[in-house]
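Below is one structure, written out as structure tokens; the observations come after it.
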Amino acid sequence: MRRVWLLLAALVATTGLTFGAAVWFGVPLDGGRLRQIPLGQPVTVTLPERGAMLWVTTKGGHVSCEFVGAPPEQGWSSLMLLDQSLSARADGRTWHPAMLLTAGVPGDYTLICTSSETSLAAAEAPLIRDTATRIYALLAAALLTAVGLGLAAVAAWRPRRVTWPAQPQGQ
């Protein structure tokens, strides 16, 4: 039974460490390669299930996009991103998130975007979109790792049961 608990503890701790490393080193932050899009001209953007993020070169830059020919039943939406704590490096520049675009049905959509910026880029939306979520994910990973290590300590140091040899009957 001790081996089962040690195996469970190792599994929980390893899961926490793996999740923490993925969040810390940015694996879930990766939204894909940034693709520059022209301002004021129709451009086709792929909106995957988790959406696409528009990036600008100035922190706090404003973007406005209009879907061209998208039927209302598609359920598309846009969300301005107020938390600009994330950034991406591409083409020798630092990019900041400006807007999240989503659609009820993933696919290719035509947009016309305007901005106070001179450069605009699009990429698949990252899994973690702000610093607060990243911190909570790291805390959850640390807690999971601590629980796994605690389980291992309890399982390793728990006293073994001693079984006494049976006494023959009648003596």
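For the sequence shown, the positions run 1 to 171 when this note's numbering is used. Ideal Cβ placement from N, Cα and C applies to all residues, glycine included.
Of the residues the options, the one placed nearest residue i, counting alpha carbons only
i	options	result
THR110	ALA122, ARG93, SER116 and LEU144	ALA122
ILE135	LEU86, CYS113, THR57 and THR94	LEU86
TRP59	ALA142, SER116 and ALA155	Residue identity differs from the one stated: residue 59 is Lys in this sequence, not Trp. Closest by alpha carbon: SER116.
PHE67	THR102, ALA13 and TRP95	THR102
TRP95	PRO48, ILE112, SER119 and LEU7	SER119
VAL4	VAL154, LEU100 and GLN169	VAL154
TRP24	THR133, ARG33 and ALA166	THR133
THR15	GLN167, GLN169, VAL43 and ALA140	ALA140
ARG93	LEU17, THR57, PRO168 and GLY69	THR57
ARG33	LEU17, ARG50 and ALA88	ALA88
LEU39	ARG50, ILE112 and HIS62	ILE112
GLN41	LEU100, SER64 and PRO165	SER64
ILE37	GLN167, THR114, ALA166 and GLY150	THR114
VAL105	ARG2, ARG50 and MET1	ARG50
9 Å Cβ cutoff met for residue i and residue j
i	j	result
LEU45	ASP91	First, the amino acid is wrong: residue 45 is Val here, not Leu. No, the Cβ-Cβ distance between VAL45 and ASP91 is not below 9 Å.
GLY148	ALA9	yes
ALA98	PRO48	no
LEU144	VAL43	no
GLY20	ALA152	no
LEU17	ALA156	no
LEU100	LEU54	yes
In DSSP terms, what residue i is bridged to
i	result
HIS96	VAL56
ARG50	DSSP, once it has assigned bridges, lists no residue as partnering ARG50.
GLY107	LEU47
ALA122	ARG35 and LEU54
SER115	VAL63
VAL68	THR110
ARG89	THR94
PRO168	Answer is none; PRO168 lacks a bridge partner.
Minimum Cβ-Cβ distance from residue i to chain B less than 9 Å
i	result
THR46	In summary, chain B is missing from the structure at hand, where a single protein chain is found.
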